[in-house]
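J.: Could you have a look at this structure, given as structure tokens, before my questions?
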Amino acid sequence: MAYEPVIGLEVHAQLLTESKIFCTCSTVFGAVPNTHTCPVCIGMPGVLPVLNRKVVEYAMKMALATNCQINEICTFARKNYFYPDLPKGYQISQYAQPLSEHGYIDIEQNEEKKRIGITRIHMEEDAGKMIHDEHLPSSYVDLNRTGVPLIEIVSDPDMRSAEEASAYLRRLHEILVYLEICDGNMEEGSFRCDANVSIRPRGEKAFGTRTELKNMNSFRNVQRALEYEIKRQQYILESGQEVIQESRLWDDAQGVTLSMRGKEEAHDYRYFPDPDLVPIVTDEAWIEKVRSGLPELPLEKRERFIRDYQLPSYDAGVLTGSRGTAGYFENVAKLSGKPKAASNWVMGDILRFLNEEKRDIKECPILPKSLAEMIQLIEDGTISGKMAKDIIEEMYRTGKPPKTIIVEKGMIQITDEAAITKTIEDVLAANTAQVEQYRDGKEKLFGYFVGQVMKATEGKANPQLINELLKKMLAGP
707 MAYEPVIGLE VHAQLLTESK IFCTCSTVFG AVPNTHTCPV CIGMPGVLPV
757 LNRKVVEYAM KMALATNCQI NEICTFARKN YFYPDLPKGY QISQYAQPLS
807 EHGYIDIEQN EEKKRIGITR IHMEEDAGKM IHDEHLPSSY VDLNRTGVPL
857 IEIVSDPDMR SAEEASAYLR RLHEILVYLE ICDGNMEEGS FRCDANVSIR
907 PRGEKAFGTR TELKNMNSFR NVQRALEYEI KRQQYILESG QEVIQESRLW
957 DDAQGVTLSM RGKEEAHDYR YFPDPDLVPI VTDEAWIEKV RSGLPELPLE
1007 KRERFIRDYQ LPSYDAGVLT GSRGTAGYFE NVAKLSGKPK AASNWVMGDI
1057 LRFLNEEKRD IKECPILPKS LAEMIQLIED GTISGKMAKD IIEEMYRTGK
1107 PPKTIIVEKG MIQITDEAAI TKTIEDVLAA NTAQVEQYRD GKEKLFGYFV
1157 GQVMKATEGK ANPQLINELL KKMLAGP
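Under the numbering used here, the sequence shown has 954 at position 248, and the numbering climbs by one with no breaks.
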């Protein structure tokens, strides 16, 4: 029997606010355990939460960027469950009246677009973190993360393969980082994903029994975990058994999912309205103010780069991979007037240099105007493309503009036809045997002669001029 998977993702994104959602404690990652806490975030008796307005606006940005309907009124609820890293015994979240609902994003797989629905985006506070001792039967709790603001993005069960789920997750990540409301760091837990997956006979409408997958800290692991779980469930059904509804952990080392606990339904959390927080009214004026501050989103930017700069789809995809890279490229393209050349240099050498040193484009020592200047020097024949490769490395190392490096290194390209002709004559005179072989039909030797001329001129001769003159002189009188 042929089965198809049904996948929905629940994504938690930590918002880039300086303080927590209901108190003024810092959200900076990596502090000494239990130092970014106060009576409010650890739930001491008699304290009252005060909502951080920026959290609401960041959540609204993501809702607008994903085509969600922002509800006029939303409320907070207490989600009750007991766990050592939850000091209050409940988590402040949203349930019956979330901030936003009924959105979507488009993904592209195998050059085909597919629309994935978003059920809701709501705000909530994070829990703490359990730290398990590797050597002793002990666990510790760090409450620094307690009260850090999150948005939860819940998809519709619209994905039918692990590849689609990975593409959807990458698109969400891209949007969050473009909006500058989340740093997207999966290793630090600021971008986390749980997956709900079931399978059903192809053509069936009813859903099968689902499992929830947790502990997936990379895009690759999300895809691997889903692929494994789909095969596991298929094996169970084909063996005549039933899939059990449960939460399962992904074990990256073994490449398997492991049973964690039986999955309870949402109503068992015993949600009820938080009595300490008033409803939030998001009127049209507030929504439009937030909308006016949205940047151009990656998909729109990609399409514009293809249309306005005549770039291939691949180039546009790489350059819009981050907002900073896209901005850097645009500056170079506009200053040089050569968008394809700008694309090649940014995608090639610039990103290679930065990746090798794990630096962000904002830290690039080569200013856009310097790279544009170098492109113009290639175009007007001052330097060759080969010389530019050496120059750009020096630019990256020193931060100096190209003209300064050219003067210091004496790297001006030789374009004097008489000087190049004289060099070619010397090369041919020193290689008479190869000249005869070339004229007898061994045309592959042409590259040898070009190399000898470039060597004699220390790589400074204009390659196009070398080729033209060599062809004439090798043809004979």
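Every residue, glycine too, gets a C-beta built ideally from N, C-alpha and C. From a predicted model like this one, the values you see are computed outputs, not experimental measurements.
Compute the Euclidean distance between the alpha carbons of Tyr-810 and Met-768, then round it to the nearest angstrom.
T.: 11 Å
J.: With DSSP as the reference, please indicate the residues paired to Gly-1105 in a beta bridge.
T.: Bridge partners of Gly-1105: none, in fact.
J.: Spatial neighbours of Glu-948 within its chain, please: C-beta separation below 6 Å, excluding the five flanking residues on both sides.
T.: Counting only Cβ-Cβ distances below 6 Å, and skipping sequence neighbours, we find nothing.
J.: Between Lys-1075 and Thr-1127, what straight-line distance do the alpha-carbon atoms span, to the nearest angstrom?
T.: 35 Å
J.: Ignore the nearest five residues each way along the sequence and tell me which others in Ile-748's own chain have a CB closer than 6 Å to its CB.
T.: Pro-793 and Leu-849
J.: Can you confirm whether the segment 853-861 touches the segment 761-775 when touching is taken to mean that 3 or more C-beta pairs between the two stretches lie within less than 8 Å?
T.: yes
J.: Please state if the CB of Pro-1071 and the CB of Arg-1029 are separated by a distance shorter than 8 Å.
T.: Result no, Cβ atoms of Arg-1029 and Pro-1071 do not sit closer than 8 Å.
J.: In angstroms, rounded to a whole number, what distance separates the CA positions of Tyr-874 and Lys-911?
T.: 22 Å
J.: Taking 8 Å as the cut-off, does the segment 1039-1048 touch the segment 1056-1064 (at least 3 CB pairs, one atom from each stretch)?
T.: no
J.: Compute the beta-carbon to beta-carbon distance between Glu-716 and Val-860, rounded to the nearest angstrom, for a pair I have assumed lies under 8 Å.
T.: 5 Å
J.: So does the segment 889-906 actually touch the segment 771-789, counting three or more Cβ pairs closer than 8 Å?
T.: Cβ pair count under 8 Å is below three, so no.
J.: Secondary structure at Leu-878, three-state DSSP: helix, strand or coil?
T.: If DSSP states are grouped into helix, strand and coil, Leu-878 belongs with the helices.
J.: Does the separation of the CB atoms of Thr-723 and Cys-731 fall below 8 Å?
T.: no
J.: Which same chain residues end up closer than 8 Å to Ala-871 when comparing Cβ atoms and leaving out the 5 residues on each side of it in sequence?
T.: Ile-713, Leu-715, Met-865, Ala-901, Val-928, Gln-929 and Leu-932
J.: What residues in its chain sit with their C-beta under 6 Å from that of Asp-957, if we drop five residues either side in the sequence?
T.: Leu-964
J.: Could you tell me the boundaries of the alpha helix (DSSP H) in which Val-996 lies?
T.: 990-998
J.: Among the residues of its own chain, which have a CB less than 6 Å from the CB of Gly-914, if the five just before and after it don't count?
T.: Ser-904, Ile-905 and Arg-906
J.: Report all residues from its chain with a CB closer than 7 Å to the CB of Cys-888; omit the five preceding and five following residues, and keep chain order.
T.: Ala-719, Gln-720, Leu-721, Leu-722, Leu-882, Ser-896 and Phe-897
J.: Which ranges would you report for the alpha helix (DSSP H) in the segment 1125-1169 if only whole runs of at least 4 residues count?
T.: 1138-1145 and 1152-1162
J.: Can you give, in chain order, each stretch of the beta strand (DSSP E) that sits fully within the segment 844-903 and has at least 3 residues?
T.: 845-848 and 855-861
J.: For Glu-807 and Ile-779, I'd like the C-alpha separation in whole angstroms.
T.: 12 Å
J.: When you compare the segment 1004-1014 with the segment 821-834, are there three or more beta-carbon pairs, one atom per stretch, that lie closer than 8 Å?
T.: no
J.: For the structure I just gave you, are there three or more beta carbon pairs, one from the segment 1170-1179 and one from the segment 1128-1142, closer than 8 Å?
T.: Cβ pair count under 8 Å is three or more, so yes.
J.: What are the residues that DSSP puts in a beta bridge with Met-836?
T.: Val-847
J.: Assuming Ala-1022 is part of the alpha helix (DSSP H), what are its boundary residues?
T.: 1019-1025 is the extent of the alpha helix (DSSP H) around Ala-1022.
J.: Is DSSP giving Pro-1045 helix, strand or coil here?
T.: Of the three classes helix, strand and coil, the one that applies to Pro-1045 here is helix, per DSSP.
J.: Rank Thr-1110, Ser-867 and Gly-1105 by C-alpha distance to the C-alpha of Gln-815 and give the top, closest one.
T.: Closest option to Gln-815, Cα to Cα, is Ser-867.
J.: So what does DSSP say about Asn-927, is it helix, strand or coil?
T.: Helix, per DSSP.
J.: Would you kindly work out how many angstroms separate the C-alpha atoms of Val-984 and Glu-818, rounded to a whole number?
T.: 45 Å
J.: According to DSSP, is Gln-797 helix, strand or coil?
T.: strand
J.: Per DSSP, which one or two residues make a beta bridge with Ser-1028?
T.: In DSSP, Ser-1028 forms no bridge with anything.
J.: Out of Lys-1007, Glu-1036 and Asn-1037, which has the shortest C-alpha to C-alpha gap to Gly-1023?
T.: Lys-1007
J.: Look up Phe-913 in the DSSP assignment and say whether it is helix, strand or coil.
T.: coil
J.: What's the call for Arg-967, buried or exposed, on a 16-neighbour Cβ count within 10 Å?
T.: exposed
J.: Over what stretch of residues does the alpha helix (DSSP H) that includes Arg-908 continue unbroken?
T.: It is not in any alpha helix (DSSP H) - Arg-908 carries neither H nor E in the DSSP assignment.
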